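Student: Numbering (the numbering used here), first residue to last: 42 to 526. Glycine included, every Cβ here is placed at the ideal spot set by N, Cα and C. A quick note: this is a predicted structure, and the numbers were derived from the prediction, not measured. The structure under discussion is supplied below as structure tokens; questions concerning it will follow.
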């Protein structure tokens with residue numbers, strides 16, 4: 042799902058995940074079928090023909106009736122998973138040729154490790170901008186979704202420009218995500234070698250991918266008289282231009298920071314999905330929605346995702362190591378019943394629907410017709426998250442999951458508790474209090490700022506020298522006084 046999600050160019054539609062028995066499956070001309078060979082429907086086994094998938098996994102394109110299918114199957118669960126990871130590696134998929142691919146224990150399917158570089162070069166060869174008045178060059182910078190730009194991050198633009206400008210009106214401006222962060226007036230004296238260094242404001246709250254734009258206003262004194270091409274003004278951005286980024290993990294459990302904590306540096310971050318024993322099409326669609334958007338952000342296929350049905354729930358000691366996603370209603374999920382008291386939007390004693398809380402009044406019948414997204418701390422271990430996708434029935438689980446299916450829908454989910462209904466009404470709330478660790482934050486900010494640390498060290502040394510000098514002066518004064526006596 043993650044691999045196909047990255048190739049899905051639609052901003053509105055996800056790739057639905059359905060069980061074999063869903064009648065809507067027959068309406069699709071193209072399907073992807075993933076199953077252990079023993080669970081593969083007979084019709085698709087016949088379409089594959091005689092195959093030996095005991096110690097291998099097979100990825101093959103076949104046709105049956107009016108459908109084309111990419112079938113992924115094996116008798117070995119580990120190899121089936123490995124084949125799934127291959128499909129999640131877009132670089133490998135783009136290199137495949139023909140109608141089939143065999144995967145065995147020696148097949149390398151891993152994506153390269155994702156590294157977050159501190160120094161990011163804007164242009165490898167340099168870029169020239171030509172023309173009068175406003176000219177722009179934009180650079181796309183990739184950053185894992187869980188990372189945000191911390192204090193003391195800087196951008197340095199090295200550039201030069203023509204010397205026939207009206208230097209009273211010409212300037213350069215740097216923008217990040219279309220927000221200006223600083224400008225500089227162009228001068229004739231520096232036209233052959235100019236530079237602009239700016240600190241990136243922390244209040245921009247930039248996380249994930251972003252765009253840096255260098256905008257030049259190249260004004261001429263007598264623009265109406267210019268006819269020759271060689272007199273056109275120009276600017277050139279050199280390859281020495283770079284970003285110096287300090288990044289931090291998003292740690293607040295808020296939908297504003299989603300997909301944190303389920304992804305870390307573009308890889309799945311120890312995710313456990315807790316499901317009901319009986320999964321219907323709505324619950325499968327909900328899982329597909331969640332992993333469609335998570336897959337958009339996931340660049341690596343090496344992370345861990347584990348699924349547990351309600352009857353297979355492991356011991357608490359094992360769940361401590363996971364970020365949890367629970368899908369299901371109160372009545373179909375005994376694990377959720379056990380932890381109902383930790384929900385922001387709780388179920389009533391009969392489990393028929395969600396009830397009112399300090400943020401929202403919920404009428405009894407309305408509580409049976411809404412779905413919720415709730416992002417909380419794991420009930421087992423601090424530092425781990427729990428996303429509850431729940432409503433009175435599986436239909437409303439699916440309804441809530443639509444808000445985390447695409448980037449276009451995600452903006453409606455903010456805070457840490459969201460309610461939605463079939464009429465399209467969405468209400469978002471923040472239940473967790475603002476972190477009251479301003480003292481620690483102040484220390485963090487100081488330690489992040491190299492210039493502040495240098496001043497602090499200098500001041501500390503001066504203070505020590507003053508104290509030492511006073512000690513020597515006092516001792517000298519005492520000896521002098523003792524000698525006079």
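Grouping DSSP H, G and I as helix and E and B as strand, with all else coil, what is residue 142?
Tutor: Correct three-state label for residue 142: strand.
Student: Counting only the same chain and skipping the five closest in sequence on each side, list residues whose C-beta sits under 8 Å from that of residue 489.
Tutor: Residue placement at residue 489 cannot be trusted, given a pLDDT of 46 that sits under 50; the coordinates are not used to answer.
Student: Taking 6 Å as the limit between beta carbons, can you name the residues of its chain near residue 282, skipping five residues before and five after?
Tutor: Closer than 6 Å at Cβ, skipping near neighbours: 163, 198, 199.
Student: From the DSSP output, which residues share a beta bridge with residue 295?
Tutor: Partner(s): none; residue 295 has no beta bridge.
Student: Is the stretch 428 to 438 in contact with the stretch 391 to 408, if contact means three or more CB pairs nearer than 8 Å?
Tutor: Taking 8 Å as the limit for Cβ pairs, the verdict is that the stretch 391 to 408 does touch the stretch 428 to 438.
Student: Using a Cβ-based criterion (distance less than 8 Å to any ligand heavy atom), does residue 362 qualify as near the ligand ZN?
Tutor: Although the ligand ZN was asked about, the structure shown includes no ligands whatsoever.
Student: Looking at residue 386: is its Cβ nearer than 9 Å to the Cβ of residue 465?
Tutor: It is not a contact, given that the beta carbons lie outside the stated cut-off.
Student: Could you tell me the distance, in whole angstroms, from the CA atom of residue 369 to the CA atom of residue 321?
Tutor: Approximately 10 Å between the Cα atoms of the pair.
Student: Pick out whichever of 337, 294, 447 has its Cα sitting closest to the Cα of residue 423.
Tutor: The shortest C-alpha separation from residue 423 is found at 294.
Student: Quick check: residue 256 and residue 228, are their CB atoms within less than 9 Å of each other?
Tutor: Taking 9 Å as the Cβ cut-off, residue 256 and residue 228 do not qualify as a contacting pair.
Student: Hey, residue 303 and residue 310 are a contact pair by Cβ (cut 8 Å); roughly how many whole angstroms apart?
Tutor: The pair is a contact, with the Cβ atoms about 6 Å apart (cut-off 8 Å).
Student: Alpha carbon to alpha carbon, what distance is there between residue 377 and residue 126?
Tutor: Distance between the alpha carbons of residue 126 and residue 377: 30 Å.
Student: With residue 125 as the anchor, note down where its alpha helix (DSSP H) starts and where it stops.
Tutor: Element bounds for residue 125: 118 to 128.
Student: In terms of alpha-carbon separation, which member of 277, 51, 239, 315 lies closest to residue 167?
Tutor: When only C-alpha atoms are compared, the closest one is 277.
Student: Assuming residue 89 contacts residue 103 (C-beta within less than 8 Å), just tell me the rounded distance between them.
Tutor: Yes, they are in contact, since the Cβ atoms of residue 89 and residue 103 sit about 6 Å apart, within 8 Å.
Student: Pick out whichever of 225, 243, 242 has its Cα sitting closest to the Cα of residue 235.
Tutor: Nearest of 225, 243, 242 to residue 235, Cα basis: 225.
Student: Can you say whether residue 374 is buried or exposed, counting buried as having 16 or more other CB atoms within 10 angstroms of its CB?
Tutor: Answer is buried; the Cβ neighbour count reaches 16.
Student: Quick one, which of 245, 291, 210, 336 has its alpha-carbon nearest residue 19's?
Tutor: Here the chain comprises residues numbered 42 to 526, so residue 19 is not present and cannot be evaluated.
Student: Going by C-alpha to C-alpha distance, which of 174, 245, 240 sits closest to residue 212?
Tutor: Selected option, being the one with the closest Cα: 174.
Student: Whole angstroms are fine: how far does the CA of residue 179 sit from the CA of residue 169?
Tutor: Their backbone Cα atoms lie some 12 Å apart in a straight line.
Student: Buried or exposed: where does residue 123 fall if 16 or more other Cβ atoms within 10 Å of its Cβ makes it buried?
Tutor: Buried.
Student: Thinking C-alpha only, which one of 120, 210, 113 is nearest residue 100?
Tutor: Of the candidates 120, 210, 113, the one whose C-alpha sits nearest the C-alpha of residue 100 is 113.
Student: Could you check the C-alpha separation between residue 149 and residue 314 for me, to the nearest Å?
Tutor: Roughly 26 Å separates the two Cα atoms.
Student: Are there 16 or more other CB atoms within 10 angstroms of the CB of residue 415, so buried, or fewer, so exposed?
Tutor: Residue 415 comes out buried.
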